[in-house]
Amino acid sequence: RIAAAVALVVLVLSTQVAGEVYRVEGGGKELQTVLRQAKYGDSVLVYPGRYHLQGRVRSGVKLLSAEGPDSTVLWNKRWYIVNLRDCDMETQVSGFTFDGVGCNIAVACTSGAPVITDNVIKGSWDGISVQQSNAYLKGNRVEGCNRGIVVNASNPEIIECTVTKTGEAIYLYSASPIIARCKLVDN
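Counting from 324, one number per residue, gives the positions in the sequence shown under the working numbering.
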């Protein structure tokens, strides 16, 4: 029995080892393909460039910019740029500029508790939309959207975000978010 227990512990620990790291240097089609392949524990590291994307980030996948929002842009002129559905807190989107001119939602988060940090979101109808989710948003800058951050039936944490020049900075509907140290300017 002890040997079986030890084998089980080793098996559990070995399945929690970090996943693959995908490096994306091509265009949006390559990024779209990698997002479809990425599994729980994988990281998708996106190098500088401008990427056309309408992609879903699966639970447990980290979508990360290699050099930050000044050099890595995700864009789309349709429904959304990135969709996080049923994602846990191991899921992360960090370090991008989302050029949402012409799209409905730059970052759509429905259920779960993903981590969305250090992004710049520009020009979409809704910058970040959080629906029935306990997402963690920190250090994001939302500018020039109709509604900066939309929170519907959710309890997210919105920390140190800056929302400027939007119609509505933070739109709350049946929500109880924690909002701390945010700057809301010219809304």
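For glycine and all other residues, C-beta sits at the position ideal for the given N, C-alpha and C.
Per DSSP, cross-strand counterpart(s) of residue i
i: N510; result: In DSSP, N510 forms no bridge with anything.
i: T414; result: Bridge partners of T414: none, in fact.
i: G435; result: C410
i: L495; result: V474
i: I444; result: F421 and V465
i: D393; result: Note: D393 sits in no beta bridge, so no partner.
Residue i - DSSP class collapsed to helix/strand/coil
i: V424; result: coil
i: K352; result: helix
i: R381; result: coil
i: Q454; result: strand
i: L376; result: coil
i: R504; result: coil
i: R359; result: helix
Inter-residue CB distance, residue i and residue j (contact presumed, cutoff 8 angstroms)
i: A492; j: G471; result: 5 angstroms
i: Y341; j: G364; result: The residue asked about is misnamed: residue 341 is Ala in this sequence, not Tyr. With a Cβ gap of about 6 angstroms, A341 and G364 count as contacting.
i: L407; j: C432; result: 5 angstroms
Burial state of residue i (16 or more Cβ within 10 Å)
i: K445; result: buried
i: V438; result: buried
i: V465; result: buried
Inter-stretch contact (C-beta, 8 angstroms, three-pair minimum) for the region 493-500 and the region 464-481:
Taking 8 angstroms as the limit for Cβ pairs, the verdict is that the region 464-481 does touch the region 493-500.
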